[in-house]
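Report on one structure; see the data block that follows.
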Amino acid sequence: MWEVWFFSDANGREPVRLWLEELERAHPGDCGRVRHHIDLLEEFGPLLSEPHSRQLRGKLRELRPGKWRVTYFADPKRRMILLSSFRKTSRRTPPTEIARAEKPMRAWLRRNENEK
């Protein structure tokens, strides 16, 4: 089993966790699907593949529960780090969403580079 962690910014805010709480209130069925995909990620780690997960660029991947996307990556300590979320509205993942996910990924790696 892999650990799934929520990225937290410098203020301690966890964007994906906050989004899940909002999604639970607005779309409980969709939230259940997202949580199921997170459970699959915890179980299968980097072996989770399409249709549940897909590589975006480099280490960056996305969970694909229906119309929703959750970006993540595997850090060197066998943790899956959930970075950002968005609603899929087009065939291709918008470059802005990829860039939005890469920023916290870089921050996570910088903060944790000295971890043994």
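Going by this note's numbering, the first residue of the sequence shown is number 6, and it counts up by one from there.
Even glycine gets a Cβ: it sits at the ideal position worked out from N, Cα and C.
Burial state of residue i (16 or more Cβ within 10 Å)
{"i": "His144", "result": "In the structure as shown, the chain begins at 6 and stops at 121. Residue 144 is therefore absent and cannot be evaluated."}
{"i": "Pro132", "result": "This structure cannot speak to residue 132, because the chain is shown only from 6 to 121."}
{"i": "Leu23", "result": "exposed"}
{"i": "Glu55", "result": "exposed"}
{"i": "Glu67", "result": "buried"}
{"i": "Leu53", "result": "buried"}
Nonlocal neighbours in the same chain, by C-beta distance under 7 Å from residue i, ignoring five residues either side
{"i": "Val9", "result": "Ile43, Leu46, Glu47, Met85, Leu87"}
{"i": "Thr101", "result": "none"}
{"i": "Cys36", "result": "Leu25, Leu28, Glu29"}
For residue i: DSSP bridge partner residues
{"i": "Ala79", "result": "Met85"}
{"i": "Ser90", "result": "Val75"}
{"i": "Arg96", "result": "DSSP, once it has assigned bridges, lists no residue as partnering Arg96."}
{"i": "Val113", "result": "Per the sequence shown, the amino acid found at residue 113 is Trp instead of Val. Its beta-bridge partners do not exist; DSSP assigns none."}
{"i": "Arg66", "result": "Gln60, Tyr77"}
{"i": "Trp10", "result": "Ile86"}
Close Cβ partners of residue i (< 6 Å) along its chain, the five nearest in sequence each way excluded
{"i": "Lys64", "result": "Phe78"}
{"i": "Lys93", "result": "Lys72, Arg74"}
Residues of its chain near residue i, where Cβ-Cβ distance is below 8 Å and the 5 sequence neighbours each way are ignored
{"i": "Val21", "result": "Phe11, Phe12, Val75, Leu87, Leu88, Ser89, Ser90"}
{"i": "Arg83", "result": "Trp7, Glu8, Gly50"}
{"i": "Arg62", "result": "Ile103, Glu107"}
Closer than 6 Å: residue i CB and nearest the ligand HEM heavy atom
{"i": "Ser95", "result": "Although the ligand HEM was asked about, the structure shown includes no ligands whatsoever."}
*asked:* Taking contact to mean 3 or more Cβ pairs, one atom from each stretch, closer than 8 Å, check whether the stretch 93 to 111 and the stretch 73 to 80 are in contact.
replied: A contact exists between the stretch 93 to 111 and the stretch 73 to 80.
*Taking the runs of the beta strand (DSSP E) that are 3 residues or longer, which of them lie wholly in the stretch 12 to 64?*
Fully enclosed beta strand (DSSP E) runs of 3 or longer: 58 to 62.
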